[in-house]
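Engineer: Residue numbers (this note's numbering): 1191 to 1699.
Think of the CB as a built atom: it goes at the ideal place given N, C-alpha and C, for glycine as much as any other residue.
Input: one structure, supplied below.
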Ligand code: DC
């Protein structure tokens, strides 16, 4: 994703702009706003990099277009933007109703090849406008994403987008979404409106009796009438059903009261209290819910690091370089004056060493005895000996345990040799990257030439071949294709292509 266009920068749109910036996503944010003051404010407040008064101009070159205006204004806005939409674009929105909108937008986009995949981030505020925008609005919010068989291929891009902003994506059919949202959001909104309207009489006289209960029950009634009219109009049958059910509930309470059936009223109150408890109780999060682990294994220089970093960045996950930990252990042994080929010495040095972990720029970094080994782990001394250290079972157990513990830090993309087979065999996302040895030697030599002028493809190939042999013939956790892993031969692929392929699979429900 290199360019995102926000069509509209009210609370929701402006919060996307701020969230992209604060998450450090390197993307150009372009924004369309009708009013000049809004466009100026979007630039001044860091919501967008470029602003436009013409929607078609705003979407030119965008990979992702997010319509952030009231639901019923979206089809006309996309119609106006259509001349600027490129074939590569995917369009989404932030509206509260989905089926009507998907139908309308599908008609508008017919023949363009551009997909619409609706989104409903379950967050917001009764406040409106870019002034109320917050970079953390979407963090930890649930975002419903509604694709259909025709647009499913594009849904992963939308899923990735929301995940990067910190939301948890739930995929759902648009019709189903609208029925559920009518019951949990749209009908309650109108009920809150009705409650407020039902307070007849002089507001001055009532004000002293307005307590937290009234405020909690009616908070949403302060929302934008324009936005809510659109929601009601675009989901009318489901909301009507909800209101009719509510009418029956209210009628029953009123009838019981009239007939002085207070026990029946109490029963209803008890039922309501119990059901509220069930609906609103914080669901105990299943352990590691939403935490994804992507395992990327393969031989040296198969492109794992670049690919794993790209995948981690796109998913907002932490990048873990397990090879660096084996190198770190080797570095420590050498630093302590030990011989990496002497297993007893390695074990002893390992027992004394204290490791600590922290996250730096989206990656897990470590220190050993308070020292960051930095680039020394890439040097020749470590490179020559690391395979000896990595074959010692106690070293492997130590490192495997540390990597497993990192799950507590969030979603991970871990690269190595045994991640899919030993460290995280249960993960659904396992990849094995491979490439021709000659191509791998060419890639690694090009990297090394940046720091070592005497490096040659022939010597690199010899070192890779030796390490491949040691890594794949050792007794403990040899390099192997994990059961269920997807093998990708990267010899003739760009690393961006490999990243895209992996992301396409990781985003699948
Ligand atoms: O990926 P790399 O070249 O930085 O790995 C360094 C060494 O560590 C390599 O010889 C293989 C070994 N290793 C391993 O045995 N298991 C892992 N999960 C990662 C690396």
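1. Quick one, are the C-beta atoms of residue 1183 and residue 1498 less than 9 angstroms apart?
2. I'd like to check one pair, residue 1635 with residue 1646: are the Cβ atoms closer than 9 angstroms?
3. In this structure, how does DSSP classify residue 1486 when only helix, strand and coil are distinguished?
4. Does the stretch 1411-1427 come close enough to the stretch 1287-1298 that 3 or more CB-CB pairs lie under 8 angstroms?
5. Would you mind listing the beta strand (DSSP E) stretches within the stretch 1407-1439 that are 3+ residues and don't spill past its ends, in chain order?
6. Is any non-hydrogen atom of ligand 1 found closer than 8 angstroms to the C-beta of residue 1609, if you look at the structure I gave you?
7. Classify residue 1405 as helix, strand or coil using the three-state DSSP reduction.
8. Which partner residues of residue 1557 appear in the DSSP bridge assignment?
9. Can you check the stretch 1358-1403 for any beta strand (DSSP E) of at least 3 residues that lies completely inside it and give the ranges in chain order?
10. Cβ atoms of residue 1487 and residue 1669: under 9 angstroms apart, would you say?
11. Just the C-alpha distance for residue 1281 and residue 1236, rounded to the nearest angstrom, thanks.
12. Taking the C-alpha atoms as reference points, what is the distance between residue 1312 and residue 1332?
13. Quick check on this structure: which residue in 1201, 1195, 1205, 1226 has the alpha carbon closest to the alpha carbon of residue 1218?
14. For the beta strand (DSSP E) that contains residue 1218, what are its first and last residues?
15. Between residue 1338 and ligand 1, is the CB less than 8 angstroms from at least one heavy atom?
16. Judging by CA-CA distance, which residue of 1563, 1603, 1607 is the nearest neighbour of residue 1577?
17. Going by the CB atoms, is the gap between residue 1355 and residue 1329 shorter than 9 angstroms?
18. Does at least one heavy atom of ligand 1 sit under 8 angstroms from the Cβ of residue 1366?
19. Any heavy atom of ligand 1 inside 8 angstroms of the beta-carbon of residue 1660?
20. Alpha carbons only, please: which of 1652, 1594, 1264, 1372 is nearest the one belonging to residue 1482?
21. Short of 8 angstroms in beta carbon distance, which residues of its chain neighbour residue 1372, apart from the five on each side in sequence? Order them along the chain.
22. The alpha helix (DSSP H) spanning residue 1609 covers which residue range?
23. Helix, strand or coil for residue 1150 per DSSP?
24. Have a look at residue 1630 and residue 1226 and give me their C-alpha separation to the nearest angstrom.
25. Helix or strand or just coil, what does DSSP make of residue 1212?
26. In whole angstroms, what is the alpha-carbon distance linking residue 1344 and residue 1616?
27. Name the residue from 1414, 1461, 1687, 1613 whose alpha carbon lies nearest to the alpha carbon of residue 1673.
Structural biologist: Put simply:
1. Lying before the first or after the last residue shown, residue 1183 is absent from the chain, which here runs from 1191 to 1699.
2. For the purposes of this step, residue 1646 is identified with residue 456 of the chain shown, where counting begins at 1. For the purposes of this step, residue 1635 is identified with residue 445 of the chain shown, where counting begins at 1. Yes, they are a contact pair.
3. Taking the first residue of the chain shown as position 1, residue 1486 is located at position 296. DSSP, reduced to helix, strand and coil, places residue 1486 within a strand of the structure shown.
4. As far as the Cβ criterion goes, the stretch 1287-1298 touches the stretch 1411-1427, which means the pair count is three or higher.
5. Secondary structure remark: continuous beta strand (DSSP E) runs of at least 3 residues inside the stretch 1407-1439: none found.
6. Position 419 of the chain shown, counting from 1, holds the residue named residue 1609. Yes, the Cβ of residue 1609 comes within 8 angstroms of a heavy atom of ligand 1.
7. As a first step, residue 1405 must be located in the chain shown, where it is residue number 215. Look at residue 1405 here: in three-state DSSP terms it is helix.
8. To locate residue 1557, count along the chain shown from 1; it is residue 367. In the DSSP output, where bridge partners are listed per residue, residue 1557 has 1546.
9. DSSP runs (the beta strand (DSSP E)) wholly in the stretch 1358-1403: 1358-1361.
10. In the chain shown, the residue the question calls residue 1669 occupies position 479. In the chain shown, the residue the question calls residue 1487 occupies position 297. Closer than 9 angstroms, so yes.
11. As a working mapping, residue 1281 is identified with position 91 in the chain shown. As a working mapping, residue 1236 is identified with position 46 in the chain shown. Going by the C-alpha atoms only, they are around 23 angstroms apart.
12. Mapped onto the chain shown, residue 1312 falls at position 122. Mapped onto the chain shown, residue 1332 falls at position 142. If I take the Cα positions, the gap works out to 5 angstroms.
13. By one-based count along the chain shown, residue 1218 stands at place 28. For the residues 1201, 1195, 1205, 1226, the minimum Cα distance to residue 1218 belongs to 1195.
14. By one-based count along the chain shown, residue 1218 stands at place 28. DSSP places residue 1218 in the uninterrupted beta strand (DSSP E) bounded by 1218-1222.
15. Locating residue 1338 in the chain shown gives position 148, counting from the first residue. Placement of the Cβ of residue 1338 at a distance of 8 angstroms or more from every heavy atom of ligand 1 is found.
16. Translated into the one-based positions of the chain shown, residue 1577 becomes position 387. Checked all of 1563, 1603, 1607; the closest Cα to residue 1577 is 1607.
17. Here residue 1329 refers to the residue found at position 139 of the chain shown. Here residue 1355 refers to the residue found at position 165 of the chain shown. The beta carbons of residue 1329 and residue 1355 sit closer together than 9 angstroms.
18. For the purposes of this step, residue 1366 is taken as the residue at position 176 of the chain shown. Not under cutoff, so the answer is no.
19. Position 470 of the chain shown, counted from the first residue, corresponds to residue 1660. Checking every heavy atom of ligand 1 against the Cβ of residue 1660, one is found closer than 8 angstroms.
20. The residue you call residue 1482 lines up with position 292 of the chain shown. Selection 1652, 1594, 1264, 1372 evaluated against residue 1482 yields 1594 as nearest (Cα-Cα).
21. On the chain shown, residue 1372 is found 182 positions in, with the first residue counted as 1. Residues 1425, 1428, 1429, 1431, 1432 of the same chain have their beta carbon placed closer than 8 angstroms to that of residue 1372, with the five preceding and five following residues left out of the count.
22. Residue mapping note: residue 1609 aligns to position 419 of the chain shown, counting from 1. In the DSSP assignment, residue 1609 falls outside any alpha helix (DSSP H) and carries neither an H nor an E.
23. Nothing about residue 1150 can be reported from this structure: the residues present for the chain run from 1191 to 1699 only.
24. Locating residue 1630 in the chain shown gives position 440, where the first residue counts as 1. Locating residue 1226 in the chain shown gives position 36, where the first residue counts as 1. Roughly 54 angstroms separates the two Cα atoms.
25. Translated into positions along the chain shown, residue 1212 becomes position 22. In the structure shown, residue 1212 adopts helical secondary structure according to DSSP, grouped into three states.
26. Within the chain shown, the letter at position 154 stands for residue 1344. Within the chain shown, the letter at position 426 stands for residue 1616. C-alpha separation (whole angstroms): 27 angstroms.
27. What you label residue 1673 is simply residue 483 of the chain shown in a count that begins at 1. A check of alpha carbon separations from residue 1673 across 1414, 1461, 1687, 1613 identifies 1613 as the nearest.
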